[in-house]
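*Asks:*
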Amino acid sequence: MSSAPTASNTTENSQQRPPRQRNGPPPPRRQGRNPPPQTRARYQQTTQGLQEKKKPVFVKVDQLKPGTSGHTLTVKVVDQNPVPQKPGAASSHLRPVRIAECLVGDETASILFTARNDQVDLMKPGTTVNLRNAKIDMFKGSMRLAVDKWGRIEVTEPADITVKEDNNLSLVEYELVNVE
Numbered sequence: 001m002s003s004a005p006t007a008s009n010t011t012e013n014s015q016q017r018p019p020r021q022r023n024g025p026p027p028p029r030r031q032g033r034n035p036p037p038q039t040r041a042r043y044q045q046t047t048q049g050l051q052e053k054k055k056p057v058f059v060k061v062d063q064l065k066p067g068t069s070g071h072t073l074t075v076k077v078v079d080q081n082p083v084p085q086k087p088g089a090a091s092s093h094l095r096p097v098r099i100a101e102c103l104v105g106d107e108t109a110s111i112l113f114t115a116r117n118d119q120v121d122l123m124k125p126g127t128t129v130n131l132r133n134a135k136i137d138m139f140k141g142s143m144r145l146a147v148d149k150w151g152r153i154e155v156t157e158p159a160d161i162t163v164k165e166d167n168n169l170s171l172v173e174y175e176l177v178n179v180e
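Per UniProt numbering, residue 1 is the first one in the sequence shown, and the count goes up by one each step.
Written out as structure tokens, the structure reads:
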């Protein structure tokens, strides 16, 4: 005779045991949308100190380096060239993407800016713009300036900027070198 438990034996055993008791305090509450009042007061105290925004540090175009981001600069748009889209490159269910390469710069240097969709309308030749949270993208070994969805392009009043076009940072070719 084997002493293997049957289905009726396991249900009888589980019914005979008393419910398991917890030792200690209850588990902490989740800190979701409505934290407990004492946590909410601490949160308000810490965020009041963070309300003071720091002033943006404007950089010049010649200070831009490959692979950097978070730049704030004032530039003048010199030229705009739309990039033709290949037929059938975009899927039929996606919105068509408008891309234009704009030559922008200041009195120190110039660089190519990649404008996408609504940015193309803002980057007209002759306008002065503030680029906030701009980043440097690398395209075929050369630098391109871009502003993604976390950045902002603001058209400002025309500034008296003579763009130094002979120092184009996008013409400098970089090569990725692995250092051992």
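For glycine and all other residues, C-beta sits at the position ideal for the given N, C-alpha and C. Every value quoted in this text rests on a predicted model; they were computed, and no experiment measured them.
Considering only their Cβ atoms, is the gap separating Val129 from Glu107 smaller than 9 Å?
*Replies:* No, the Cβ-Cβ distance between Glu107 and Val129 is not below 9 Å.
*Asks:* Using DSSP's beta-bridge definition, name the partner residues of Val155.
*Replies:* For Val155, which the question treats as bridged, DSSP gives the partners Val129.
*Asks:* Going by alpha carbons, who is nearest to Thr68 out of Gln119, Tyr174, Ile136, Glu165?
*Replies:* Minimum Cα distance to Thr68 is reached at Ile136.
*Asks:* Within 10 angstroms of the Cβ of Gly105, are there 16 or more other Cβ atoms? Answer buried if so, exposed if not.
*Replies:* That one is buried.
*Asks:* So, using beta-carbon positions, are Val78 and Glu165 closer together than 9 Å?
*Replies:* Yes. Within cutoff.
*Asks:* Span of the beta strand (DSSP E) holding Leu145?
*Replies:* Residues 142-146.
*Asks:* Considering only the alpha carbon of each residue, which of Glu101, Pro96, Lys76 lies closest to Val83?
*Replies:* Answer by Cα proximity: Glu101.
*Asks:* Using CA atoms only, rank isn't needed, just tell me which of Leu94, Leu73, Asp62, Pro66 is closest to Lys55.
*Replies:* Residue Leu73 is the option with its Cα nearest to Lys55.
*Asks:* With a 10 Å radius around its C-beta and 16 neighbouring C-beta atoms as the bar for buried, classify Ala159 as buried or exposed.
*Replies:* Ala159 comes out exposed.
*Asks:* Give me the DSSP bridge partner(s) of Leu73.
*Replies:* Bridge partners of Leu73: Leu131.
*Asks:* If you measure between the beta carbons of Arg144 and Ser170, is that distance less than 9 Å?
*Replies:* In contact: Arg144 and Ser170 (Cβ atoms closer than 9 Å).
*Asks:* Against chain C, does Leu171 count as a neighbour if the rule is that its beta carbon must be under 9 Å from one of theirs?
*Replies:* Among the chains of the structure shown, chain C does not appear; only one protein chain is present.
*Asks:* Going by beta carbon distance, what residues of the same chain come within less than 6 Å of Thr156, once the five residues before and after it are set aside?
*Replies:* Hits under 6 Å: Thr128, Asn130.
*Asks:* With a cut-off of 8 Å on the beta carbons, I'd call Leu98 and Arg116 a contact; round off their distance for me.
*Replies:* Note that residue 98 is Arg in the sequence shown here, rather than Leu. So it is a contact: roughly 7 Å between Cβ atoms.
*Asks:* Can you tell me where the beta strand (DSSP E) holding Val104 begins and where it ends?
*Replies:* Start and end: 99-105.
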